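Here the structure comes first, spelled out in structure tokens, and everything after it is commentary.
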Amino acid sequence: MTTTEKDAKFRFCPLLTTPEGKMRFCQGAQCMMWRWCGEEEGAEAPGFCGLASAPAALSRRQAGGFLRAEPRKEPENPFG
Numbered sequence: 001m002t003t004t005e006k007d008a009k010f011r012f013c014p015l016l017t018t019p020e021g022k023m024r025f026c027q028g029a030q031c032m033m034w035r036w037c038g039e040e041e042g043a044e045a046p047g048f049c050g051l052a053s054a055p056a057a058l059s060r061r062q063a064g065g066f067l068r069a070e071p072r073k074e075p076e077n078p079f080g
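Residue numbers (UniProt numbering): 1 to 80.
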């Protein structure tokens, strides 16, 4: 799920806890798991938590045609 860093800072992070065991809020770009969706960065730029991998739609868009590409067939090869 993509969100802005500003909105992400109000979501709980499963890795951050206080010494008493209470959950803490997301750190956004200060966290090593935070990933930006595009070239722009900042509080209003879209991003996501990399802990759960990239969202499917974003992965397909960044891969371009690679995920949709058909396997290349050689004309001389009757099996391929």
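For glycine and all other residues, C-beta sits at the position ideal for the given N, C-alpha and C. Remember, predicted model here, so these are calculated numbers, not experimental data.
- Listed as beta-bridge partners of residue 49 by DSSP are 34.
- When the beta-carbon positions are compared, residue 26 and residue 6 stay at least 7 Å from each other.
- For residue 32, the closest alpha carbon among the candidates 18, 47 and 23 is that of 47.
- Around the beta carbon of residue 21, fewer than 16 other beta carbons lie within 10 angstroms, which makes this residue exposed.
- If you ignore the 5 residues before and after residue 53, its C-beta comes within less than 7 Å of no other C-beta in its own chain.
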